[in-house]
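Inspection log for the structure reproduced underneath, given as structure tokens.
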Amino acid sequence: MIEISNLFFNYQNKEVLKIKNLKLDTSKISILMGTNGSGKSTFLRILKFLEGDFSKNISYFGNFKLNNKQKREIYLLFPEPILLNRSVRANFLFTLKTYGIKEDIEERIKESLMFLNLDESLLSKYPNELSSGQSQKIAFAIALSVRAKYYLLDEPSAFLDKNTTLLFKKAILKMHENFNTGFLIASHDKHFLDSLAQKKLYLHSGEILEFENTNVFELENQGVKFCNFIDFSNCKKYKDFKKPPSKIAIDPYKISFFNSKNIPKNNYEFILEKCYIIAL
Numbered sequence: 061m062i063e064i065s066n067l068f069f070n071y072q073n074k075e076v077l078k079i080k081n082l083k084l085d086t087s088k089i090s091i092l093m094g095t096n097g098s099g100k101s102t103f104l105r106i107l108k109f110l111e112g113d114f115s116k117n118i119s120y121f122g123n124f125k126l127n128n129k130q131k132r133e134i135y136l137l138f139p140e141p142i143l144l145n146r147s148v149r150a151n152f153l154f155t156l157k158t159y160g161i162k163e164d165i166e167e168r169i170k171e172s173l174m175f176l177n178l179d180e181s182l183l184s185k186y187p188n189e190l191s192s193g194q195s196q197k198i199a200f201a202i203a204l205s206v207r208a209k210y211y212l213l214d215e216p217s218a219f220l221d222k223n224t225t226l227l228f229k230k231a232i233l234k235m236h237e238n239f240n241t242g243f244l245i246a247s248h249d250k251h252f253l254d255s256l257a258q259k260k261l262y263l264h265s266g267e268i269l270e271f272e273n274t275n276v277f278e279l280e281n282q283g284v285k286f287c288n289f290i291d292f293s294n295c296k297k298y299k300d301f302k303k304p305p306s307k308i309a310i311d312p313y314k315i316s317f318f319n320s321k322n323i324p325k326n327n328y329e330f331i332l333e334k335c336y337i338i339a340l
């Protein structure tokens, strides 16, 4: 578990993060969404000890002060692959050595290559001999070979084609299944995230809103209430309903009203940032 309290971060006199209380279950796959510039990457960098000193505000696995070995339990994967100018095998060995791993080296390398459907012949290649897609997969395979407790993935599908994105998803699920590995994935790719999410987080105006995987509520029976500052009466589309909607579906991207039994693919949707926060 990672517990955060009173974490505030400013950049160029602008308040980027103001997280009063947040608990991250490091055994779950959580996703972090938000608009460009909302602070997602900054938040991941803070969790990886790369931005400021927040040792008094963040507790990792019950500890506020971590030694280097404990800090290595958190692995941050950047959007663009970072590979040293040496063979792929040497890149694996360098990372594993850096993380203090001395046993099962070959097993870890082979397993992580298998997760990403990569041939072992690539181990002798240099970065300039790899395609961009291969570089992405190699960088991710190296990360997985470490078997960290918790992975922070910053826009992992940003430069991936559809097939590679599917491989990444399968690898994440396999790591979670085999090693109870947790992930916090920051991304704009809703299709990439939806099938992975066990917990949804949305970064808005520096604050993190939490959502369960599916939120569907009966408007009448479960007494859903809106904050006073949300006025749907002025929304033209909402007025278009012949009768008041009976259900509401909430996720970090939109708020949907509907009368049908199932959530429709296309209905009256309102962007969360325009409607702001919903209180239940």
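The sequence shown begins at 61 in the working numbering and counts up one residue at a time. Using N, Cα and C, we set each Cβ at its ideal position, and we do this for glycine too. None of the values given here were measured: they were computed from a predicted structure.
query	result
By Cβ distance below 6 angstroms, which residues in the same chain neighbour Y71 in space, the five residues on each side in sequence not counted?	none
Might you give, ordered along the chain, the residues of its own chain that have their beta carbon closer than 8 angstroms to the beta carbon of F124, omitting 5 neighbours on each side?	S115, K116 and I118
Count Cβ pairs between the stretch 247-263 and the stretch 190-205 that sit closer than 8 angstroms; are there 3 or more?	no
Helix, strand or coil for N127? Go by DSSP, reduced to three states.	coil
Grab me the residues of I245's own chain with a C-beta within less than 6 angstroms of its C-beta, minus the 5 sequence neighbours each way, in chain order.	I91 and L213
If you reduce the DSSP assignment to three classes, tell me which class F69 lands in.	strand
Between which two residues does the beta strand (DSSP E) harbouring A246 extend?	G242 to A246
Here's the rule I'm using: 16 or more other beta-carbon atoms within 10 Å means buried, otherwise exposed. How should E215 be labelled?	buried
Measuring CB to CB, does L82 end up less than 8 angstroms from I64?	yes
Could you give the first and the last residue of the continuous beta strand (DSSP E) run that contains E75?	K74 to L84
Could you have a look at D249 and say whether DSSP puts it in helix, strand or coil?	coil
Taking the alpha-carbon positions, what's the K230 to S265 distance?	32 angstroms
Just the Cα atoms here: how many angstroms apart are L233 and R207?	13 angstroms
To the nearest angstrom, report how far apart N294 and D221 are at their CA atoms.	Residue placement at N294 is poorly supported in this model, since its pLDDT is 45, which falls under 50; the coordinates still yield a value, given next. So the alpha carbons of these two residues sit roughly 41 angstroms apart.
Taking L227 and N151 to be in contact with their CB atoms under 8 angstroms, please state how far apart those CB atoms are, rounded to whole angstroms.	Incorrect: roughly 19 angstroms between the Cβ atoms, too far for contact.
Mind checking which residues open and close the beta strand (DSSP E) that includes I142?	First-last for I142: undefined, no H or E at that position.
At which residues does the alpha helix (DSSP H) containing I232 begin and terminate?	K222 to F239
How long is the line joining the alpha carbons of S101 and F68, rounded to whole angstroms?	15 angstroms
Name the one or two DSSP bridge partners that I91 has.	I245 and K260
Taking the Cβ atom as the reference point for each residue, do G94 and Y262 lie within a distance shorter than 8 angstroms?	yes
What three-state label does DSSP hand A113 in the structure shown?	The question names Ala, but residue 113 in the sequence shown is Asp. Three-state result, D113: coil.
Cα-Cα, which of E171, Y211 and G193 is closest to S205?	E171
Report the option in L143, Y159 and P141 whose CA atom is closest to the CA atom of N127.	Y159
Assuming A201 contacts Y135 under a Cβ cut-off of 8 angstroms, what Cβ separation, rounded to an integer in Å, is found between them?	No, A201 and Y135 are not in contact; Cβ-Cβ is about 13 angstroms, not under 8 angstroms.
Would you report the Cα separation of E167 and R132, rounded to the nearest angstrom?	20 angstroms
At what residues does the alpha helix (DSSP H) containing S172 begin and finish?	I165 to F175
Less than 8 angstroms between the beta carbons of R149 and S181, yes or no?	no
May I have the straight-line CA-CA distance separating T225 from N188, to the nearest angstrom?	22 angstroms
Tell me where the alpha helix (DSSP H) around S101 begins and ends.	K100 to L107
Give the DSSP bridge partners of L161, in chain order.	What sits at residue 161 in the sequence shown is Ile, not Leu. In DSSP, I161 forms no bridge with anything.
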